[in-house]
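In what follows, a single structure is set out as structure tokens and then discussed.
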Amino acid sequence: GDSVTQTEGPVTVSESESLIINCTYSATSIAYPNLFWYVRYPGEGLQLLLKVITAGQKGSSRGFEATYNKETTSFHLQKASVQESDSAVYYCALGENSNNRIFFGDGTQLVVKP
Amino acid sequence: AQTIHQWPVAEIKAVGSPLSLGCTIKGKSSPNLYWYWQATGGTLQQLFYSITVGQVESVVQLNLSASRPKDDQFILSTEKLLLSHSGFYLCAWSPPGGVNYAEQFFGPGTRLTVL
Chain A
31 GDSVTQTEGP VTVSESESLI INCTYSATSI AYPNLFWYVR YPGEGLQLLL
81 KVITAGQKGS SRGFEATYNK ETTSFHLQKA SVQESDSAVY YCALGENSNN
131 RIFFGDGTQL VVKP
Chain G
272 AQTIHQWPVA EIKAVGSPLS LGCTIKGKSS PNLYWYWQAT GGTLQQLFYS
322 ITVGQVESVV QLNLSASRPK DDQFILSTEK LLLSHSGFYL CAWSPPGGVN
372 YAEQFFGPGT RLTVL
């Protein structure tokens with residue numbers, strides 16, 4: 031089926047360290063998957079962090095990057111130097127154009143220690 | 272600017288009782304609307320979506336129903352709650368046109384506890 035698997039949290043890193051949150055997807059019934067990272071900061075609603083709709087392309091936002099790799103079916107989220115304000119829950123998601131469906135991963139809680 | 276409002280913020284209900292959750296979007300005409308559900312510690316799942324008034328597509332069957340009585344309103348309901356309905360319900364919208372890669376904007380959510 032169609033699904034998303036991501037790093038199980040919580041992930042704890044110290045400020046200024048690098049970060050990678052793994053995400054792999056299965057898109058058996060989706061011809062042209064779109065990939066997303068959503069984020070929920072403490073006390074706030076879920077919001078889009080970045081999206082990539084074309085395989086091989088990279089998306090970036092707020093210092094985070096993710097590359098859509100069709101060969102490895104991956105969309106890992108990376109940041110070179112995290113800040114305490116990056117503490118949040120991050121969700122990888124797989125989208126389908128034809129019928130407005132999105133499949134979310136379980137979410138990864140990131141804790142950045144000062 | 273567009274705003275999305277969900278009500279109630281939280282609800283505690285008895286098993287077997289009815290439920291109605293609401294969502295209103297202001298500042299956007301003919302949005303695509305969505306309902307999501309997340310059990311405690313579980314995955315965020317899409318339940319329903321609607322691209323126009325009076326039309327709702329079911330994605331996951333959870334003994335729930337949804338309706339879109341107005342362009343800016345989306346209602347989630349059931350006549351008999353189950354314990355398994357507990358969780359966090361999110362409403363979302365995206366611009367009209369049916370393109371899923373457009374950003375979905377989420378509401379603040381409703382926390383439902385079924386006892």
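One line per chain: the protein sequences are A and G, in this order.
Just add 30 to the spot in the first sequence (first one is 1) and you have our numbering.
Just add 271 to the spot in the second sequence (first one is 1) and you have our numbering.
Every residue, glycine too, gets a C-beta built ideally from N, C-alpha and C.
Since this is a predicted model, take the numbers as computed values, not measurements.
At a beta-carbon threshold of 9 Å, none of the residues of chain G lie near isoleucine 60 (chain A); the nearest stands roughly 10 Å away. Asparagine 130 (chain A) and tyrosine 360 (chain G) do not touch by the CB rule: their CB atoms are close to 18 Å apart, not below 8 Å. In its chain, beyond the 5 residues on either side, Gln316, Leu318, Gly358 and Tyr360 have a beta carbon closer than 6 Å to the beta carbon of tryptophan 308 (chain G). For serine 56 (chain A), the uninterrupted beta strand (DSSP E) segment begins and ends at 53-57. In the displayed model, histidine 276 (chain G) falls within a strand according to three-state DSSP. Isoleucine 83 (chain A) places its beta carbon less than 8 Å from that of asparagine 64 (chain A).
Annotation for glycine 293 (chain G): Trp278 and Ile346 place their beta carbon closer than 6 Å to its own, counting only its chain and skipping 5 residues before and after. Of all residues in the stretch 119-135 of chain A, only Tyr121, Ala123, Gly125, Glu126, Asn127, Ser128, Asn129, Asn130, Arg131, Ile132, Phe133, Phe134 and Gly135 place a beta-carbon less than 9 Å from a beta-carbon of chain G. In this structure, leucine 78 (chain A) lies away from arginine 70 (chain A), with their beta-carbon atoms at least 8 Å apart. Residue environment: asparagine 303 (chain G) is assigned as buried (16 or more neighbouring CB atoms within 10 Å of its CB, all protein chains considered). In its chain, beyond the 5 residues on either side, Val385 have a beta carbon closer than 6 Å to the beta carbon of histidine 356 (chain G).
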